[in-house]
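Written out below as structure tokens is the structure these notes cover.
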Amino acid sequence: MRLPKIRIAPGPALATVRGWPKLVPRGRARVISLVLGVLVFAGASTQVAVGVMGGLPDGAVFRAGDTVVTEDEFQDRMNVLQALYGVEPPEKGPKREDFKRDAAKSVAVSSIIDRAVRDHGIVIADKEAQDTLNKMVEEQLPGGRDDLVQFLSARGVSERDVVDEVKRQLATSRLFEKVTDDVQPVTDEEVQQEFEDREDEMVAPEQRHLRNIVVDSEAQGNSIVQQIKDGMEFETLAAEHSLDQSTKDDGGDLGTVTADQLDERYAEAAFQAEEGEVFGPVDTEHGFNVGQVLEITPEEQLSFDQVKDDLEADMNSRRTLDTWRTWLGERIAEADVTYADEYRPDDPDAPPTDAPR
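Converting from the sequence shown to this note's numbering requires adding 477 to each position, the first position being numbered 1.
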């Protein structure tokens with residue numbers, strides 16, 4: 478297992494690399510929100526009291542303390558989270574049932590967080606949440622508020638729902654800061670020891686500079702490959718045919734990426750190809766992809782000086798998250814969560830497998 482942060486930064490991404498953009502941004506500004514998403518909506522490995530349907534009113538999903546969440550309230554919450562984070566439940570079968578149980582636990586843990594926020598007297602003003610949402614819209618939606626209205630309407634949620642979710646995330650971030658405020662940073666000696674213990678993991682993985690053309694059909698993809706073989710410029714074909722609006726005018730350039738940044742099927746083809754080779758078409762959820770390897774950067778063993786800052790940040794993050802998990806676990810144990818049979822997780826001590834973040 479390799480230390481995930483020790484990588485050269487990737488270049489621009491397209492649909493094949495990252496999927497469609499989410500309303501909530503990635504990056505440094507969202508570090509705490511992302512951390513909390515993983516923890517709140519993935520749950521903590523802590524005992525949760527699980528009961529049977531007896532004692533719950535009809536139409537209830539769960540009770541956490543004195544809070545009962547009904548099926549309608551649960552679905553409303555899921556609609557907002559699916560709109561914000563792009564998580565879609567499986568259509569049918571056992572995976573859908575697993576998703577429903579995991580999601581119920583996710584929302585249960587979220588309700589416990591909400592109560593802790595109130596207990597700590599944390600209040601987020603509507604204006605702060607609205608300003609945060611406005612910034613997200615400005616940064617991510619080219620059409621501004623018109624795009625936002627269309628985006629939300631298609632998902633059946635209101636802007637008020639989204640503002641409330643932003644308020645919840647901001648409040649949880651403040652709670653996280655309060656709970657972890659006294660965590661002591663790791664020492665230089667601890668970082669050195671961690672490096673020595675994990676030196677074989679301190680590797681910059683192989684990277685490839687790629688360019689890519691996305692088309693509708695396999696036949697069109699094969700035609701693109703043949704045209705390249707016949708001497709047509711890749712950049713010209715990308716500009717004329719690629720469905721990826723973010724890269725077509727830049728010759729389809731994806732920048733330099735690692736395999737785990739790519740769709741699994743696309744990565745397999747891209748990392749088997751030789752330098753200069755054209756590969757594909759590769760069928761992904763976003764279309765048929767014809768790619769080319771421009772340059773290969775081999776895997777590299779990294780020195781302590783090269784990894785020290787990232788390793789220190791990783792260790793501090795883990796220490797902070799351990800403190801948060803311990804605190805959250807205590808709150809969950811106190812909450813006496815009782816699930817309806819239909820929503821009871823198979824293993825209530827384990828994190829959900831595919832819940833919204």
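Beta carbons are placed, not taken as given, at the ideal position from N, Cα and C, and that holds for glycine.
{"Item": "Assigned secondary structure, Gly806 (DSSP; H/G/I helix, E/B strand, else coil)", "Value": "helix"}
{"Item": "Pro662, DSSP secondary structure in three states", "Value": "coil"}
{"Item": "DSSP-derived helix/strand/coil call for Glu751", "Value": "coil"}
{"Item": "Opening and closing residue of the beta strand (DSSP E) in which Gly768 lies", "Value": "Gly764 to Thr774"}
{"Item": "C-alpha gap between Ala715 and Tyr743, whole angstroms", "Value": "17 angstroms"}
{"Item": "DSSP state of Gln722 mapped onto helix, strand, coil", "Value": "coil"}
{"Item": "Own chain partners of Val517 with C-beta closer than 6 angstroms, once the 5 adjacent residues on each side are dropped", "Value": "The predicted position of Val517 is uncertain, since its pLDDT is 38 and thus under 50; a value taken from the coordinates is nonetheless stated next. Contacts found: Val586, Ser587 and Ile590."}
{"Item": "Sufficient close CB pairs (3 or more, under 8 angstroms) joining the stretch 686 to 699 to the stretch 728 to 744", "Value": "yes"}
{"Item": "DSSP state of Glu789 mapped onto helix, strand, coil", "Value": "helix"}
{"Item": "Span separating the alpha-carbon of Val626 from that of Glu667", "Value": "50 angstroms"}
{"Item": "Own chain partners of Val767 with C-beta closer than 6 angstroms, once the 5 adjacent residues on each side are dropped", "Value": "Ile690, Gly698, Ile701, Val702, Gly757 and Pro758"}
{"Item": "Nearest-angstrom beta carbon gap, Val663 and Asn793 [assumed within contact, 8 angstroms]", "Value": "6 angstroms"}
{"Item": "Same chain, Cβ closer than 7 angstroms to Ser635, five either side skipped, listed in chain order", "Value": "Leu629"}
{"Item": "Ile690 - containing beta strand (DSSP E), residue span", "Value": "Gln684 to Val692"}
{"Item": "Val546 vs Val538 beta-carbon contact at 7 angstroms", "Value": "yes"}
{"Item": "Best match in Arg645, Gln607 and Glu574 for proximity to Ile599 [C-alpha to C-alpha]", "Value": "Arg645"}
{"Item": "Cβ separation of Leu647 and Glu605, assumed to be a contact under 8 angstroms, to the nearest whole Å", "Value": "7 angstroms"}
{"Item": "Residue span of the beta strand (DSSP E) that contains Ala537, given as start and end", "Value": "Ala537 to Ala541"}
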